[in-house]
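The numbers in this note's numbering rise by one with no breaks, and the one at position 101 of the sequence shown is 101.
Just below is one structure, and these are the notes that go with it.
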Amino acid sequence: MNHFQYKDGRLFAEDVDLTALAQKVGTPFYCYSSATLERHYRVFAEAFPKDTLIAYSVKANGNLGVLKTLAQLGAGADVVSGGELKKALKAGVPANKIVFSGVGKTRAEMMLGLEAGIHQFNVESEPELAALNSVAKELGKRAPITIRINPDVDAKTHAKITTGTSENKFGIPWSRAREAYKLAASLPSLEIVGVDMHIGSQITELAPFEAAFARVADLVKTLRADGHSIKRIDLGGGLGVPYAPTDPAPPAPELYGAAVSRAVAGLGCELILEPGRLIAANAGVLVSRVTYVKEGEAKKFLILDAGMNDLIRPAMYDAHHEIVSVREAAPAAVYDVVGPVCESSDLFGSNRRLPELKEGDLVAILTAGAYGAVMASAYNARPPAAEVLVKGDQWAVVRPRMSDDELIGLDRIPG
Ligand code: PLP
């Protein structure tokens, strides 16, 4: 369910007319719906016990406007860098609702987290345990930690977004979990508070989650028997969203919540979840203008002013995004929808049935709110798309597009 609908033949974001908005802010731009963000957060949070920490995964969409919207509903944050940590704090997420994940935290980032007083560090390796212990000791603090355990479960998702098999760089292998906890317990500036896992993203079946949750629940019992105080379980993010109408519907949050409850029943642990895509993906579209309609030998190309530098998911993950005309009309032509970047992979969709479109017409690339703007680059010296947040009939530019001069001004010619 999202709030991008046609009214009087034009696509709206809530009560904002995207055609009029495009005139005001220029294209391309990402447009996010507050109502959709809020709805997704609430539906997800309601699937879990009240005291569950929903730590929104900032990597999915870290715009301060988005973070503030979620923070106001009580969301925590899952961050993977010092920059994301600063953003979450700036948006008003309380430090005690922030968890810090990621395989390569630097000592400077650890210091930031310790000084802010975050909820926990999800540690991903033995050397990281040692480094965090030494940084905490220097600051005269104890770092609350979980260890991310790699449950060696194949999430059956795209190879570039699976994280929970023994082939991946993430977490400590399942088979070394007890030794890693023993090591952590021997380091005086660390306080073991729980266990963490995350098996991948865009997972559309319950079975891999259930297998991983069962392993983690067993591990909690084993670690407790070893004498560790395990009071929290962080189950990561990963619940997928449908990108194409033909995609299998991912499990509803209630079913996911019920699977979690079954797995952790009787353990008496606080729960943490780190959803990203599920909250943000359907809350955003990328609006772009047609620069040219080009008749190729075998194909008709719709050349947009948005490119793979703005939305890299199709090129990077072979991801499907629905593309619609902002002016409502019946499909009448078949296009390959491409960007202007000098790469053959700058292709948003092949053989798409759309209304007959011409130069200057607008299209919206749907389900672009997660892993869209956050992954944008300035490839081909193209300033990334602006970002706009809508609430009812109100809108605000929450990240302006840089001018060419601002972008070029970041470079320096050495003396
Ligand atoms: N937590 C961690 C540790 C992650 O790596 C990710 C994404 O890969 C997430 C949470 C969010 O996952 P998703 O956006 O699929 O919910």
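By construction, the Cβ of each residue, glycine as well, lies at the ideal position given by its N, Cα and C atoms.
- Annotation: LYS105 is outside any alpha helix (DSSP H) and is labelled neither H nor E by DSSP.
- Contact between ALA136 and SER189 holds: CB atoms are separated by about 4 Å, below the 8 Å threshold.
- When Cβ pairs closer than 8 Å are counted between the two stretches, the stretch 375 to 384 is seen not to touch the stretch 352 to 360, the count staying below three.
- The alpha carbon of ASP8 has as its nearest neighbour, out of VAL363, ILE365, VAL326, LEU389, the alpha carbon of VAL326.
- According to the DSSP assignment, LEU53 belongs to no alpha helix (DSSP H) but to the beta strand (DSSP E) extending over 53 to 57.
- Cβ-Cβ separation between VAL93 and LEU67: approximately 7 Å, consistent with a contact (criterion under 8 Å).
- Taking a contact to require three or more Cβ pairs closer than 8 Å, the stretch 302 to 316 and the stretch 334 to 352 qualify as touching.
- The beta-carbon separation of PHE48 and VAL260, rounded to 7 Å, stays under the 8 Å limit for a contact.
- The DSSP assignment places complete beta strand (DSSP E) segments of no fewer than 3 residues inside the stretch 71 to 151 at 76 to 79, 98 to 100, 120 to 123, 143 to 150, in order along the chain.
- Spatial neighbours of GLY113 in its own chain (CB-CB distance under 7 Å, excluding positions within 5 residues in sequence) are listed in chain order as LEU85, PHE100, PHE121.
- Comparing alpha carbon positions, the residue from ASP310, LEU18, SER201 closest to VAL153 is SER201.
- With a beta-carbon spacing of about 5 Å, VAL43 and PRO253 fall inside the 8 Å limit used to define contacts.
- Membership of GLN5 in the beta strand (DSSP E) is indicated by the continuous run 4 to 7.
- The continuous stretches of beta strand (DSSP E) do not include ILE279, which lies in the alpha helix (DSSP H) extending over residues 277 to 280.
- In the DSSP secondary-structure assignment, VAL398 is not bridged to any residue.
- Contact between the stretch 104 to 112 and the stretch 53 to 66 is absent: fewer than three C-beta pairs spanning the two stretches fall below 8 Å.
- Taking a contact as a CB-CB distance under 8 Å, the pair LEU366 and HIS321 counts as one, their CB atoms being some 6 Å apart.
- Around the CB of ALA184, 16 or more other CB atoms lie within 10 Å, so the residue is classed as buried.
- In this chain, the alpha helix (DSSP H) harbouring LEU255 covers 253 to 264.
- By the Cβ rule, the stretch 267 to 283 counts as touching the stretch 359 to 373, because three or more pairs are nearer than 8 Å.
- Positions of the beta strand (DSSP E) runs, each at least 3 residues long and wholly inside the stretch 325 to 402, are given as 333 to 338, 347 to 354, 362 to 365, 386 to 391, 394 to 399 in order along the chain.
- Annotation: VAL264 to ILE230 spans about 12 Å, alpha carbon to alpha carbon.
- DSSP places GLY194 within a strand segment (E or B) once states are collapsed to three.
- With a beta-carbon spacing of about 14 Å, ALA45 and ALA77 fall beyond the 8 Å limit used to define contacts.
- For ARG178, the CB contacts under 8 Å within the same chain, skipping 5 residues up- and downstream, are THR222, LEU223, ASP226 in chain order.
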